[in-house]
Amino acid sequence: MRPFICALALSLAATASWAGGKLSLPEISSYLNGLSTVVAPFTQYNDDGSRSTGTVYLHRPGRMRFEYDPPDAATVVAGAGAVVIHDPKSNQPPESYPLKRTPLSLILDRNVNLSRANMVVGHSFDGTSTVVSAQDPENPEYGRIDLLFGGDPIELRKWVIHDNGGGQTTVVLGALDKGGRLSSNLFSHQGGGSGRGTNR
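In mature numbering (1 follows the signal peptide of the UniProt record, and there is no 0), the protein residues as written are -19 to -1, 1 to 181.
Below you can see the structure in the form of C-alpha cells.
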C-alpha cells in the first residue's frame, strides 16, 4: 500500500455499463464543479497483487479523506492546502505535501477548469470511459495518474497511478453517495477519528 500512498500524494474493474463516447474536458469540469460532498467505498489493486479496501470522503472545495480498512488503518487527508499521510505501519511521523502539487487539486479546486490545468497531459477515450491523465509538470519522475470517467451519467469511477518504475496501482470506486453532511473532523490533519458512522 505504501507505494500507492506516496504516488497519490506526490503526483496524486471498469464495467461494461460505461457507455457513450468521449467526454469533453468542459463536461468533466462541470461534473466536478457540481459535486459538494461524496462518500464512496473503494477497492485498491496494488502492483504486487495485493488488495486493500476503504472509504473515500470528499467535501469540495479543498477537502478529501482516504480511510483504509484494517489491517492497513492508514489515512490520507487533504485540507487547508496540504495532503497529510498517516501510516501507522511505517513507524514514521506523518508526511505532508502541498495540495497544489498533487492531482487531488484537479478535483478539489473551487472552480475546476481541466482545459486550463497545467497538470493535464492527456485526454482520451479507451472505448468504455474517458481518460484524463495528469502529471506534475515540474516533477514528471513522480509518475502519472489516469482519472477514468464513465458517461450517462458522468461519474468518476476509477483511477490508475503509474509510477516511474513501470508499476501501477488501480483504485475502483463503488457507488457514490452524494450531497450528505460530513463532519469537518474528518478532514483534520491530526488524522484521528473515523468516518464510519458519519451522519450523511
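Note that CB positions come from ideal geometry on N, CA and C, so glycine has one too. These numbers come from a predicted model, not from an experiment.
- Message: Check whether the region 152 to 171 and the region 22 to 39 touch, using three or more Cβ-Cβ pairs below 8 angstroms as the test.
- Response: yes
- Message: Between the alpha carbons of G146 and H40, how many angstroms are there, rounded?
- Response: The straight-line gap from Cα to Cα measures roughly 32 angstroms.
- Item | Segments assigned alpha helix (DSSP H), at least 4 residues, entirely inside the region 5 to 66 | 6 to 14
- Query: What's the C-alpha gap between D117 and Y78?
  - Reply: 13 angstroms
- Task: Could you spell out the range, first to last residue, of the alpha helix (DSSP H) harbouring I88?
- Result: 85 to 89 is the extent of the alpha helix (DSSP H) around I88.
- Query: Comparing alpha-carbon positions, which option in D53, D90, G62 lies nearest N72?
  - Reply: When C-alpha distances from N72 are compared across D53, D90, G62, the shortest belongs to D53.
- Message: Once DSSP output is grouped into helix, strand and coil, what is the label at R162?
- Response: coil
- Item | Whole-angstrom distance between H104 and T56, CA atom to CA atom | 30 angstroms
- Limits of the unbroken beta strand (DSSP E) element including I135: From DSSP, I135 is part of no beta strand (DSSP E); its letter is neither H nor E.
- Classify D29 as buried or exposed, calling it buried when 16 or more other Cβ atoms lie within 10 Å of its own Cβ. exposed
- Message: Taking only three categories from DSSP, how would you classify H170?
- Response: coil
- Are F130 and Y49 touching if we call contact CB-CB under 9 angstroms? In this structure, Y49 does not lie closer than 9 angstroms to F130 by Cβ.
- Chain-order list of residues whose beta-carbon lies under 6 angstroms from that of A(-4) (same chain, five-residue window excluded): Its pLDDT being 33, under 50, A(-4) is placed unreliably by the model, and the measurement read from it follows with that caveat. Excluding residues within five positions, none has a Cβ falling inside 6 angstroms.
- For A59 versus L87, is the C-beta distance shorter than 9 angstroms? Not in contact: A59 and L87 (Cβ atoms no closer than 9 angstroms).
- Task: With G103 as the anchor, note down where its beta strand (DSSP E) starts and where it stops.
- Result: Note, G103: beta strand (DSSP E), 101 to 106.
- Item | D117, enclosing beta strand (DSSP E) - first and last residue | It is not in any beta strand (DSSP E) - D117 carries neither H nor E in the DSSP assignment.
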